[in-house]
Amino acid sequence: MLRLFSLIALVWTLAVPSLAQEADIDTRAETGGATTLEDIMRRQEGLVVDDAYRSDLTGDPDAAAATTDQLGTLGGASDPDLWRALRYNSADITTQTRGPAVTTLMQDGGMSWLLFREGPLLKIGVYLLGGTLLALVLFYLIRGRIRIHGEKTGSTITRFKAFERFGHWLLASSFIVLGLTGLISLFGRKVLIPAFGPEAFSMLALGSKWVHNNISWAFMIALVIIFVVWVVHNLPDRTDLRWLAKAGGLFGGEHPPAKKFNAGQKLIFWSVILLGGSISLSGLSLLFPFEFNLFGHTFSTLNSWGAPGWFGASDLPYPLSPQEEMQFAQLWHALISLVLTAIIFAHIYLGSVGMEGAFDAMGKGEVEEQWAREHHSLWVEEVLNDKTAPTKEA
Amino acid sequence: MKAFLLALVALVVITVGANQILHRIGFSADAATVSSNNVRLPDE
Chain A
1 MLRLFSLIAL
11 VWTLAVPSLA
21 QEADIDTRAE
31 TGGATTLEDI
41 MRRQEGLVVD
51 DAYRSDLTGD
61 PDAAAATTDQ
71 LGTLGGASDP
81 DLWRALRYNS
91 ADITTQTRGP
101 AVTTLMQDGG
111 MSWLLFREGP
121 LLKIGVYLLG
131 GTLLALVLFY
141 LIRGRIRIHG
151 EKTGSTITRF
161 KAFERFGHWL
171 LASSFIVLGL
181 TGLISLFGRK
191 VLIPAFGPEA
201 FSMLALGSKW
211 VHNNISWAFM
221 IALVIIFVVW
231 VVHNLPDRTD
241 LRWLAKAGGL
251 FGGEHPPAKK
261 FNAGQKLIFW
271 SVILLGGSIS
281 LSGLSLLFPF
291 EFNLFGHTFS
301 TLNSWGAPGW
311 FGASDLPYPL
321 SPQEEMQFAQ
331 LWHALISLVL
341 TAIIFAHIYL
351 GSVGMEGAFD
361 AMGKGEVEEQ
371 WAREHHSLWV
381 EEVLNDKTAP
391 TKEA
Chain B
395 MKAFLLALVA
405 LVVITVGANQ
415 ILHRIGFSAD
425 AATVSSNNVR
435 LPDE
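Sequence order for the protein chains is A and B. Just so we're aligned, residue 1 is where the first sequence starts under the working numbering, counting upward by one. Just so we're aligned, residue 395 is where the second sequence starts under the working numbering, counting upward by one.
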C-alpha cells in the first residue's frame, strides 16, 4: 500500500510541472487576448514583442465591444478600439496644425532609434575611428615613411592644376568641418555634456548645427567639381589589377606601374563619390525634414526582392511613419559618415606624413619627377610624350 | 597654397550665401517645421 502511495506521489510531482507548462502556452487566453506578463517582460528586456494581437484589432467593428456592452458606449467603435488605433497610428486623425507629420501621434521607431544612437552607434564610431588611427600609427611604426627610392632629379611635373586643387581643398576643408561638427552633435549628450556641462554645450551645439547645415552646400558643390574633373582618370582598367596584386608596392620595394591615379587612389575616389553622395542625399532629407523620404520605398523594394532573407533577417519595416524616415536618415547619415571618415584618415596619412613628396601634389601642384616615375610611371610617360609631341612634329 | 586659400574663402562665401539664399526664399528647416500662427478660437 505504501508503495502504491509512493508511486502516486511520484507521478503527481512529475505531472504537475508539465501541466503547468501546458497552461503557459496559451497565456494570451488567460488575459482575454490582452497583454500578458511575458509581453511586458520581453518589452522590459528590449526584445521584440509581437503586437499583432493589438495592432490588428483596430478599425474592425466585429472586434469592437458590442454597443450593448459596458464598453460599447461609442457604438461600433469602442474606447479601447480608439486608443489602439492611436497607439498604432491607424486612427483617422485631423488636426488644426498644418505641417508635415502632424497627424502621427505615436510611432514605435523613436525608442529603438534612441537606443541605437546612444549605444551601438557611438561604439561603432569610437572603434572605427580609433581603430583606424591606431592601425595607421602601427603601420607608420612598422613600415615607416615611404621614401623616394631613386635619386631626385630636381625637376618637377605639374600634377594638379589650380582648379583641381581648389576643388580638392574645398571638399577637404568642408569635410573636416562637417566631420568635427557632426561628431560634436553625435557625442554631445553622452560625452560633451557630462564633460563641459549643458550651458557650454548648448552654445557649441547651436553653432555646430548652423555650421554643419550650411557648410554642407560647399561639400556638395565640391563633390560635383571633383567628380567632373577626375572621373575620366578614375575609370578602372587592367593596370589596377596589377597594382592591387602587388598591394601598390606598400610592403615591397617595387612600385607597380600606374596612370594618373593608381588603384588605391581610385578606390578612395569612388568611396568619396558614392559614400559622399549617399551622405549628401540623407543629409538633404534631414536638412528639409519630411520633404522627401528615402527609406520606406527602399525597404519595400528590398523586401520584394527578399533581400533581408539572404542574410537570415526578417523583412525590413514598411510602411514607415515620417518620423521613422528621419530616424533612419539620421542613422544612415552618421554610419556612412563614420565609414568615410575612417577612409579619409588613411588618405590624409598617405598624402602627408606617410609618403615623401605626396603632399606637394596638392600643396604646390608640382611633384618631383622621380616621385612621379616611382608612383605613376605610366602617367609620367603620357605627360612627357605630350610635351615632346609638338617638338617632334615641328 | 593659393588654391587652398581660395577654397577657404569659397567655403565661407558658400556657407553664408547658402544660408542667406535659403532664408530669403523661405526654404529652410525652420520654415518646414515651425509655424508662428496660433490656433485662435473666435471671441464670443
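Note that beta-carbon positions come from the ideal geometry of N, C-alpha and C, so glycine has one too.
Should residue i go down as buried or exposed, given a rule of 16 or more other Cβ atoms within 10 Å for buried?
{"i": "residue 237/A", "result": "exposed"}
{"i": "residue 328/A", "result": "buried"}
{"i": "residue 395/A", "result": "This structure cannot settle anything about residue 395/A, because the visible part of chain A is limited to 1 through 394."}
{"i": "residue 114/A", "result": "exposed"}
{"i": "residue 44/A", "result": "exposed"}
{"i": "residue 79/A", "result": "exposed"}
{"i": "residue 29/A", "result": "exposed"}
{"i": "residue 40/A", "result": "exposed"}
{"i": "residue 84/A", "result": "buried"}
{"i": "residue 395/B", "result": "exposed"}
{"i": "residue 326/A", "result": "buried"}
{"i": "residue 305/A", "result": "exposed"}
{"i": "residue 248/A", "result": "buried"}
Report the neighbours of residue i on chain A: residues whose CB is nearer than 7 Å to its CB, in chain order.
{"i": "residue 408/B", "result": "217, 218, 221"}
Report yes if the C-beta distance between residue i and residue j is below 9 Å; otherwise report no.
{"i": "residue 145/A", "j": "residue 354/A", "result": "yes"}
{"i": "residue 218/A", "j": "residue 415/B", "result": "no"}
{"i": "residue 125/A", "j": "residue 338/A", "result": "yes"}
{"i": "residue 208/A", "j": "residue 181/A", "result": "yes"}
{"i": "residue 222/A", "j": "residue 286/A", "result": "no"}
{"i": "residue 378/A", "j": "residue 246/A", "result": "no"}
{"i": "residue 226/A", "j": "residue 269/A", "result": "yes"}
{"i": "residue 350/A", "j": "residue 275/A", "result": "no"}
{"i": "residue 278/A", "j": "residue 332/A", "result": "yes"}
{"i": "residue 143/A", "j": "residue 397/B", "result": "no"}
{"i": "residue 345/A", "j": "residue 132/A", "result": "yes"}
{"i": "residue 272/A", "j": "residue 343/A", "result": "yes"}
{"i": "residue 162/A", "j": "residue 185/A", "result": "no"}
{"i": "residue 284/A", "j": "residue 303/A", "result": "no"}
{"i": "residue 383/A", "j": "residue 156/A", "result": "no"}
{"i": "residue 362/A", "j": "residue 233/A", "result": "no"}
Listing by chain order, which chain B residues have their CB less than 8 Å from the CB of residue i?
{"i": "residue 293/A", "result": "Simply none; closest approach about 13 Å."}
Could you tell me which chain B residues have their CB closer than 7 Å to the CB of residue i, listed as they occur along the chain?
{"i": "residue 321/A", "result": "By Cβ distance, chain B contributes nothing, its closest Cβ being about 15 Å from residue 321/A, past 7 Å."}
{"i": "residue 214/A", "result": "409, 412, 413"}
{"i": "residue 174/A", "result": "405"}
{"i": "residue 363/A", "result": "395"}
List, in order along the chain, the chain B residues whose C-beta lies closer than 9 Å to that of residue i?
{"i": "residue 357/A", "result": "Going along chain B, no residue has its Cβ under 9 Å from residue 357/A, so there is no contact; the nearest lies around 17 Å."}
The ligand ZN heavy atoms versus the CB of residue i: any closer than 8 Å?
{"i": "residue 200/A", "result": "The ligand ZN is not part of the structure shown, which contains no ligands of any sort."}
Meets three-Cβ-pair contact criterion under 8 Å: the stretch 100-108 of chain A and the stretch 315-326 of chain A:
yes
With three or more beta-carbon pairs closer than 8 Å as the criterion, would you say the stretch 256-264 of chain A touches the stretch 292-306 of chain A?
no
Proximal residues, the stretch 145-172 of chain A versus chain B, C-beta separation under 7 Å:
162, 165, 166, 169, 170
Inter-stretch contact at 8 Å, needing at least 3 Cβ pairs: the stretch 136-155 of chain A / the stretch 360-378 of chain A:
yes
Any contact of the stretch 86-94 of chain A with the stretch 47-55 of chain A, i.e. 3+ C-beta pairs under 8 Å?
yes
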